[in-house]
Amino acid sequence: MKLYKKEGNILQILSFPNENAEKGDYLMVEDPDARKAIIAQVIDVQFASIPGVLEELLRTLPDGGVPIQGEDIDPLEIAPHITYIQDASLLICKTRATLENEALSPSNSWLPSRSQSTIKKLSVPMLLKLAKVEGTRPIILGGTKDSSLLTIDATAVDGMLNIITGKKGCGKSHLSKLLMASLIGYKATVVIFDLNGEYTSIGMTQDGKRNMYYNKIHALTPSQNFKVALDQLHLNVVMGILIHALHLPGTSSREFRRIWKTLKEKGKLSLYELGEAIRNLTCNQHVRDALSSRYHAIVNSGFFTDNPAESTFLKECLLKSKEEGGAIIINLRNTSTIDRQIVVEYVLGKLVDSLQSWKLKAVFLFAEEAHLYLRETYWDDIVTRMRHFGIFTTFITNQPDTIRESIYRQADNIFLFNFTNEHDLDVVSRAARVDAETVRSIARDLPPHHCLTLGRVVRDFPIVTRVRSLDMKTMGETRLFFKDRN
Amino acid sequence: MKPNHQETIIAAIDTSTIKIGETSTGIIIAIRGATTWKQNRKYRYTRLGPFIFHITEENKNEVYNTLEKAYFNAHYSSNRYASPHLMQMPTRLASLLERWLQTMLAKTVNNGLILFDGSLTSGTFDTPVQRMKEILSLARKNSSTVLAFSKMTSLRVNGYLITDQLPKSEPPYLLETTGLRFKPPTVVLGDVYVARLNKANYAFRLDIDRETTLTQRLEAVEKLVGNDLYAQSYPETLRLAHILCTFTANEVLAMQHFITRKHGIQIINRPDMHRLLFGPFGKGEIYS
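Residue numbers (this note's numbering), protein chains in the order written: chain A, 1 to 486; chain B, 487 to 774.
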C-alpha cells in the first residue's frame, strides 16, 4: 500500500490486489522519521485511476459484444502484471487519530511522508488496545472481520443515550437483547417497552428450556398480570395519563384534580368511588361528560383495579431487579394505542418516582419504535431530565426519521445496521459522534447481522461487527404464511 | 466493383513497439505482434509478446543480428552502415517481427487474402527487397493475395495527395495510379491503388502484389469487400490486428513493474528538457 493523497481528513491510499483491504478496516500510516502514525479507516474502495484501462477493456469486446477468441503467447508472463496493475484499488480513508508515543490524539494536522511512510492493517484487538476500549464489565458484541471479538464495557452504556437502528430484518432486536442480557448479567435493572411481545420468552433457550436469565426476566402484560390500583397512584402520574394519553382539557383536569384529592383525603380512592364522584359532580355538563368519557376509557383499559393484591407485581419486580438485576418487559402487544400510552405514562411516571426516592439506583430503558407510544414532550425529557434521574434509554427503530434530530445529536452510542435508503442514512448521519461519509459509505454495504458501532463504547473508532448469536427464544422473526419458502 | 461473398479467409498482421523507459546505459523497449483472421464469420487472433529488450549501444547489433538469424537465418545488417541508431531500434525490431509474421501467414494461408499494414515498399534497412519478394512469392504459391493498406501516404499527383482526389463514383472502387516514381534504393513490389471500400468518405493507399494479374487483383478486393466488415472504409481484420498489438498505458506500467520486480532494473526518469526549458511551450520529446 502507498500513500497517494491527503485532503483534509481524507487519505487516499493505493492498494494492490494481494493487499485486500475492505471498507471498515483500519490502517496505520507510519512515518518513521516523524515517529508518528495516522490511524485511518477505510470508508470506500474504488478502482485506482490507471491510464489505459478503458482501452484495455474496450479491445476485449470488439466483435459486437462477444469477446474475440484467440491465443496469447506471452513468454515473459506479463499478463499477471497487467491484471495486477489493472486491479489496483484506491482506498478512501478517514483519519481517526494520530498515534504518538503510544498515545492517541484526535489531531490529524500533520502530513506523513508519501515516500517513506509504511502502511499496514491495524487489527481490531490492537486498535481497541491503543484506544483503551477496556473495562471490568465486558460485553462481547460479536466478531470482527479479522476473527477477533469486539468487546465493549458496560460502563460505556451506563448513563448514555443509545440508538439501535437499521432496516427491517437485519438484527436490531437481537442486538438489543444481547445488550439487555449482558446488562442484567451485571445486576442492572432493565425496562423494555416490548411492542411486539418478542422479549417475553427470552428467559428460554431456543429449544424451550430455561436459560441463565430465566429468573431475571419479568414479563408484564397490561390488564393481565400487570394492573394498577388507584390508591397506589401519584396524582401527577394520573394527571399525566389524563392530559397526555387521554387529552383531557384544562378545566376538566382541574375538576378531576379536586375530585381525586377529596377521595384521597377520605381514603376512598377506588374505581367505583371515582365513577360515583364524577356521576354526582355538580358542574358544567361538558366537564362532566369529558371526565366521564376518560373515566370509562380508564376502566375499559382493564389496566386499573381496586384489588391491591393484583397490583403489586411491578413493585415486586423492581425490587427484585434492584437486588439481583433483571429485565422488566412491558408487553405492549395486543394493546390499543390509547391503552399503550396509558401504560407507558404510568411506567415512566413510576420509574421517575422510584428513582427520585432512591428506591432504584438507575434503569436502562429499551424502547422499541418509541414514536408509537411516546408522547411528543417525552423525547426531550428522556435525553435531559429523565437522564439525570437515572433513566438511560436505548431507542430501537427501523424508521430513523421517527426519532428527533436532537436525539441523534445527543446520542452517545449508535449501533447502526444496514440501510440502503439515502433518506434514512441522511437522518442517521446527523449524529454528532460520527461523520456523514462514514455512515453513508459503510452502512449501505453492511450485510445482515453486521452492525457499525459508533460512539463512546468504541471510543469514537467506528467498528463493524457481526453480532454474536444468543441462546434465547427470540420470537423476533416475522410470522410467515408460506413456511417452506427459501 | 461488386462485393464477392464467396467464403474466403482474410488474415492480417500488425506489430507495435513502445519505449518502456531509459536506463543508465540504454533503453528498454517492448514489441508485440498480432495476427487476426476471419474464418466462418468469426474473428480469431494470435498475439505474440510483449517481448522486452534492454538495448544499449554495446548490444544493439548483437540483439538485432540474433533475432534476424533466429527469424530468417540470415545476416542482412552485417555491414556497419546498416547499424541503426539506438532510438531507431524499437521500430527495427518491430519490423523484424512483422516480416516474420508475414512470412508465417504467407506460408500457412491457402486461397486467402493477407492484409499488411503499410505498403509493399522494400529496399530499406528493415525490409530488404529479397525478403519482401520471398513473402509475396510464398503467398502466391499458396494461391493467396497480399493487399497492403497504408493509413497515411505522402504520394502526390499534381501536387495533391492521391487519397484526396476521389471521383464521384459509387464505392466500392479502386483507382489505379500510374507514373509514380520512388527514389532508389526503394523498390515498390506492388502496384499502387487508391481504395475506397464503402460510403465513408475515406480512401487508403492500397498496394497489390505486382506479380498478380489484374483479374486476380480485382477478385481479391471484391472478396475482401464481400467478406470483411468495414469501419471508415478500413478492413476490420486489419483494424483488429492493430488494436490487439497496440500497447496501452496500463500495459506499460505493468511492464515497468515486471522489469523492476523480476530483474531489478532501475528505470531512470530523465527530465523532459523541452518542458524544463520552455514550460508550457515545450511539447516534449517523442521517441516512438
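Note that beta-carbon positions come from the ideal geometry of N, C-alpha and C, so glycine has one too.
Please read these numbers as outputs of a predicted model, since none were measured by experiment.
Rounded to whole angstroms, what is the Cα-Cα separation between residue i and residue j?
| i | j | result |
| --- | --- | --- |
| residue 473(A) | residue 253(A) | 44 Å |
| residue 138(A) | residue 746(B) | 50 Å |
| residue 278(A) | residue 318(A) | 33 Å |
| residue 567(B) | residue 547(B) | Only weak support exists for where residue 567(B) lies, its pLDDT of 48 falling under 50; the value from the coordinates is given anyway. Cα to Cα, residue 567(B) sits roughly 12 Å from residue 547(B). |
| residue 564(B) | residue 620(B) | In this prediction, residue 564(B) scores a pLDDT of 48, lower than 50, which makes its location untrustworthy; the coordinate-derived value is nonetheless stated afterwards. Computed Cα separation, rounded: 20 Å. |
| residue 533(B) | residue 517(B) | 11 Å |
| residue 105(A) | residue 168(A) | 37 Å |
| residue 772(B) | residue 133(A) | Caution is warranted here: a pLDDT of 46 is assigned to residue 772(B), below 50, making its placement in the model unreliable, and no coordinate value can be reported. |
| residue 481(A) | residue 356(A) | 48 Å |
| residue 200(A) | residue 182(A) | 17 Å |
| residue 606(B) | residue 613(B) | 9 Å |
| residue 466(A) | residue 115(A) | 36 Å |
| residue 553(B) | residue 514(B) | 16 Å |
| residue 352(A) | residue 243(A) | 18 Å |
| residue 595(B) | residue 23(A) | 54 Å |
| residue 370(A) | residue 207(A) | 31 Å |
| residue 570(B) | residue 578(B) | 8 Å |
| residue 436(A) | residue 426(A) | 8 Å |
| residue 660(B) | residue 585(B) | 26 Å |
| residue 696(B) | residue 58(A) | 38 Å |
| residue 125(A) | residue 144(A) | 9 Å |
| residue 498(B) | residue 707(B) | 14 Å |
| residue 347(A) | residue 236(A) | 12 Å |
| residue 737(B) | residue 581(B) | 21 Å |
| residue 344(A) | residue 221(A) | 12 Å |
| residue 42(A) | residue 170(A) | 23 Å |
| residue 107(A) | residue 315(A) | 50 Å |
| residue 362(A) | residue 163(A) | 18 Å |
| residue 387(A) | residue 393(A) | 8 Å |
My understanding is that residue i touches residue j, with C-beta atoms under 8 Å, so please give their C-beta distance in whole angstroms.
| i | j | result |
| --- | --- | --- |
| residue 219(A) | residue 329(A) | 5 Å |
| residue 56(A) | residue 86(A) | 7 Å |
| residue 622(B) | residue 678(B) | That belief does not hold up - the Cβ atoms of residue 622(B) and residue 678(B) are roughly 15 Å apart, past 8 Å. |
| residue 326(A) | residue 165(A) | About 26 Å separates the two Cβ atoms, so there is no contact after all. |
| residue 294(A) | residue 246(A) | 5 Å |
| residue 489(A) | residue 193(A) | Lying before the first or after the last residue shown, residue 489(A) is absent from chain A, which here runs from 1 to 486. |
| residue 630(B) | residue 592(B) | 7 Å |
From which residue to which residue does the alpha helix (DSSP H) around residue i run?
| i | result |
| --- | --- |
| residue 101(A) | Note, residue 101(A): premise wrong, no alpha helix (DSSP H); not H, not E. |
| residue 586(B) | 575-594 |
| residue 35(A) | Run containing residue 35(A): none; DSSP gives neither H nor E here. |
| residue 436(A) | 436-444 |
| residue 750(B) | Per DSSP, residue 750(B) belongs to no alpha helix (DSSP H) and is neither H nor E. |
| residue 134(A) | Counting along the chain, residue 134(A) falls outside any alpha helix (DSSP H), and DSSP gives it neither H nor E. |
| residue 55(A) | 53-58 |
Starting from residue i, trace the beta strand (DSSP E) in both directions and tell me its first and last residue.
| i | result |
| --- | --- |
| residue 523(B) | 512-525 |
| residue 455(A) | 450-455 |
| residue 250(A) | From DSSP, residue 250(A) is part of no beta strand (DSSP E) but of the alpha helix (DSSP H) over 250-266. |
| residue 540(B) | 528-542 |
| residue 467(A) | 463-467 |
| residue 337(A) | From DSSP, residue 337(A) is part of no beta strand (DSSP E) but of the alpha helix (DSSP H) over 337-356. |
| residue 142(A) | 138-143 |
| residue 413(A) | 413-416 |
| residue 546(B) | Here residue 546(B) belongs to no beta strand (DSSP E); instead the alpha helix (DSSP H) covers 546-558. |
| residue 218(A) | 217-220 |
| residue 639(B) | Counting along the chain, residue 639(B) falls outside any beta strand (DSSP E), and DSSP gives it neither H nor E. |
Please indicate yes or no: does the CB of residue i lie closer than 7 Å to some heavy atom of the ligand ATP?
| i | result |
| --- | --- |
| residue 443(A) | This structure lacks the ligand ATP, and indeed carries no ligand of any kind. |
The stretch 694-728 of chain B: positions lying closer than 7 Å to chain A by Cβ: In summary, the residues of the stretch 694-728 of chain B whose CB is separated from some CB of chain A by less than 7 Å are 726, in the order they occur in the chain.
Alpha helix (DSSP H) segments (min. 4 residues) lying fully within the stretch 370-409 of chain A: Counting only runs of at least 4 residues, the stretch 370-409 of chain A fully encloses the following alpha helix (DSSP H) elements, listed from N- to C-terminal order: 376-383 and 385-389.
Residues from the stretch 731-745 of chain B in contact with chain A, defined by Cβ distance under 7 Å: Residues passing the 7 Å Cβ filter: 734, 735, 736, 737, 739, 740, 741, 743 and 744.
Where the stretch 581-595 of chain B meets chain A: residues whose CB sits under 9 Å from a CB there: Taking a C-beta cut-off of 9 Å against chain A, none of the residues of the stretch 581-595 of chain B qualify.
In chain order, each alpha helix (DSSP H) run of at least 4 residues that lies wholly inside the stretch 595-629 of chain B: Fully enclosed alpha helix (DSSP H) runs of 4 or longer: 615-627.
Proximal residues, the stretch 30-43 of chain A versus chain B, C-beta separation under 8 Å: Contact annotation: in the stretch 30-43 of chain A, no residue has its CB less than 8 Å from a CB in chain B.
Members of the stretch 525-551 of chain B that neighbour chain A once the beta carbon cut-off is set at 9 Å: Contact annotation: in the stretch 525-551 of chain B, residues whose CB is within less than 9 Å of a CB in chain A are 528, 529, 530, 531, 532, 533, 534, 535, 536, 537 and 538.
Alpha helix (DSSP H) segments (min. 4 residues) lying fully within the stretch 670-729 of chain B: Complete alpha helix (DSSP H) runs here, min 4: 700-713.
Runs of beta strand (DSSP E) lying entirely within the stretch 275-331 of chain A, each at least 3 residues, in chain order: Fully enclosed beta strand (DSSP E) runs of 3 or longer: 326-331.
Residues of the stretch 68-85 of chain A whose Cβ lies closer than 9 Å to any Cβ of chain B, in chain order: Answer set for the stretch 68-85 of chain A: 68, 69, 70, 71, 72, 73, 74, 75, 76, 77, 78, 79, 80, 81, 82, 83, 84 and 85.
Contacting positions in the stretch 49-60 of chain A - beta carbon closer than 9 Å to chain B: Here the close residues are 50, 51, 52, 53, 54, 55, 56, 58 and 59.
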